[in-house]
Amino acid sequence: MLLVKSQLIDKRKRFFFILPFGIAFLIACIGTYSRFLALPSTSLRKAEDPTYLTAAVWTVHFGYDNNARPSLDRVASVLADTNADVINLLERDTGKPFFRNNDLTSYLGEK
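Residue numbers (full-length UniProt numbering): 1 to 111.
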């Protein structure tokens, strides 16, 4: 098979273009595999560890569900079931006059 000089140059360019990416890919695979081997094989949670903390984030949607019904009792039951140490409530800023001064955090805290 005869190759024209331009075809030979194109093959060399492709080789030297693909070679660095291939080497980088191999290094990335080896690094990922070595990090995978370093991971612990058991669960990280230890009940007796005082530094362990559970957290939950909940979007309250101003106290209403998608059908515009009050949902605070359901939110309180779900948050109680999580047994989280820290709970962050989003979209709960309803202590304003146009929201009738509803304080969702105190209501959920009482539940």
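Where is the CB? At the ideal position from N, CA and C, for every residue including glycine.
*asked:* Considering Cα atoms alone, identify which of Phe36, Asp81, Thr32 is closest to Asp54.
replied: As a working mapping, residue 54 is identified with position 54 in the sequence shown. Per the sequence shown, residue 54 should be read as Thr rather than Asp. When the alpha-carbon of Thr54 is set against those of Phe36, Asp81, Thr32, the nearest one is in Asp81.
*Tell me whether the beta-carbon of Val60 lies closer than 8 Å to the beta-carbon of Val78.*
Against the sequence shown, residue 60 aligns to sequence position 60. Against the sequence shown, residue 78 aligns to sequence position 78. With contacts defined by Cβ atoms closer than 8 Å, Val60 and Val78 do not form a contacting pair.
*So, is the C-beta of Tyr107 closer than 8 Å to a C-beta in chain C?*
Looking at the structure shown, chain C is missing, and only one protein chain is on hand.
*By how many angstroms is the C-alpha of Val57 removed from the C-alpha of Asn88?*
Stepping through the sequence shown from its first residue, residue 88 is reached at position 88. Stepping through the sequence shown from its first residue, residue 57 is reached at position 57. Each residue's alpha carbon lies about 5 Å from the other.
_If you reduce the DSSP assignment to three classes, tell me which class Ala84 lands in._
Taking the sequence shown and counting its residues from 1, one reaches residue 84 at position 84. In the three-state reduction of the DSSP assignment, Ala84 falls in the coil class.
*Drop a sphere of 10 angstroms on the beta-carbon of Leu26, count the other beta-carbons inside from all chains shown, and report buried for 16 or more, exposed for fewer.*
For the purposes of this step, residue 26 is identified with residue 26 of the sequence shown, where counting begins at 1. Of the other Cβ atoms in all chains shown, fewer than 16 fall within 10 Å of the Cβ of Leu26; this residue is therefore exposed.
_What does DSSP give as the partner residue(s) for Tyr64 in the beta ladder?_
In the sequence shown, the residue the question calls residue 64 occupies position 64. Answer is Pro70.
*Nearest CA to the CA of Gly63: which residue from Lys11, Leu108, Lys13?*
The count along the sequence shown starts at 1 and reaches residue 63 at position 63. Considering only Lys11, Leu108, Lys13, the residue with the shortest C-alpha distance to Gly63 is Leu108.
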